[in-house]
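Asker: Starting off with a structure, shown below.
Residue numbers (the working numbering): 45 to 323.
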């Protein structure tokens, strides 16, 4: 019975070598040789194992080589040739794509630079038009909130303010409109909103500016130091704001700094007008 098998017979059975299939051995050798052949092709040299197979079985030129080996070598050589051709074609395609991308990148950079220059030119034109539309405007700073009897009628306030405080009489009809900067939220009376005034022509505006500057230097208005300035676009204001530290430095050195439109800082030194150059 199978269940009553002698232990010694089991031991003899376990020690009995298993017969291997010759066909499996031949297939294993073929696969191992194929692997070594691929590695040799990649490195450009033949491994000792492949060389040993060639010494043992010969090559295609050797008519005594086994049929399976010659067929394998024929197929492998064909594969190697196709692989090399594919690598050459791939490298050529990569080179062409690289050249195309480099050309397109260069062309795009050129177009972008052109568009950027055109955009700057148009922005300069728009900014110039905006400043031209403001050339008859003046902005009064630090006039206390609520000083004007009617906040909706700043025009009448400017007439009275210039006549009674500055001592300059503006002819009727010379002010087209006047208003404070629009408020967004709660009005901060500690920091009054600027008052914008548009005059009928540049001559009137310039005369009012000179009279106001002279008066504001001499006297305060309700214990406040007032200022008056030309009305410029946000772009010009930003450029001038960047130069304010330099203007203060020149003033501390005893020089007389001033701005020239749009945002060119100049100063007077020993009677000579010079340009301030940033480093």
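For glycine and all other residues, C-beta sits at the position ideal for the given N, C-alpha and C.
So, are the CB atoms of residue 237 and residue 224 less than 7 Å apart?
Answerer: Indexing the chain shown from 1 puts residue 237 at position 193. Indexing the chain shown from 1 puts residue 224 at position 180. Yes, Cβ-Cβ distance for residue 237 and residue 224 is below 7 Å.
Asker: Excluding the 5 residues flanking residue 244 on each side, which residues of the same chain have their C-beta closer than 8 Å to its C-beta?
Answerer: Translated into the one-based positions of the chain shown, residue 244 becomes position 200. For residue 244, where only same-chain residues beyond five positions count, the Cβ hits under 8 Å are 180, 217, 218, 219, 220.
Asker: Using the Cβ count rule (16 or more neighbours within 10 Å means buried), how would you classify residue 205?
Answerer: Here residue 205 refers to the residue found at position 161 of the chain shown. Result: buried.
Asker: Here's the rule: buried if 16 or more other CB atoms are within 10 angstroms of the residue's CB, otherwise exposed. What is residue 170?
Answerer: Here the question's residue 170 lines up with position 126 in the chain shown. So residue 170 counts as exposed.
Asker: Round the Cβ separation of residue 270 and residue 291 to the nearest angstrom and send it over; I've been treating them as touching at under 8 Å.
Answerer: Position 226 of the chain shown, counting from 1, holds the residue named residue 270. Position 247 of the chain shown, counting from 1, holds the residue named residue 291. That belief does not hold up - the Cβ atoms of residue 270 and residue 291 are roughly 19 Å apart, past 8 Å.
Asker: Could you check the C-alpha separation between residue 305 and residue 197 for me, to the nearest Å?
Answerer: As a working mapping, residue 305 is identified with position 261 in the chain shown. As a working mapping, residue 197 is identified with position 153 in the chain shown. Those two C-alpha atoms are separated by around 31 Å.
Asker: To which residues does DSSP link residue 273 through a beta bridge?
Answerer: Numbered from 1 along the chain shown, position 229 holds the residue referred to as residue 273. Residue 273 is bridged to 183.
Asker: Measuring straight from C-alpha to C-alpha, what distance separates residue 250 and residue 260?
Answerer: Your numbering for residue 250 matches position 206 in the chain shown. Your numbering for residue 260 matches position 216 in the chain shown. Using only the alpha carbons, I get a separation of about 15 Å.
Asker: Using only alpha-carbon positions, find the residue among 188, 150, 288, 241 that is nearest to residue 267.
Answerer: In the chain shown, the residue the question calls residue 267 occupies position 223. That would be 188, whose Cα lies nearest to the Cα of residue 267.
Asker: For residue 239, write down the residues that DSSP places opposite it in a beta bridge.
Answerer: By 1-based counting over the chain shown, the position of residue 239 is 195. Paired residue(s): 184, 224.
Asker: Determine the burial state of residue 315: buried for a count of at least 16 other Cβ atoms within 10 Å of its Cβ, exposed for fewer.
Answerer: By 1-based counting over the chain shown, the position of residue 315 is 271. Flag for residue 315 reads exposed.
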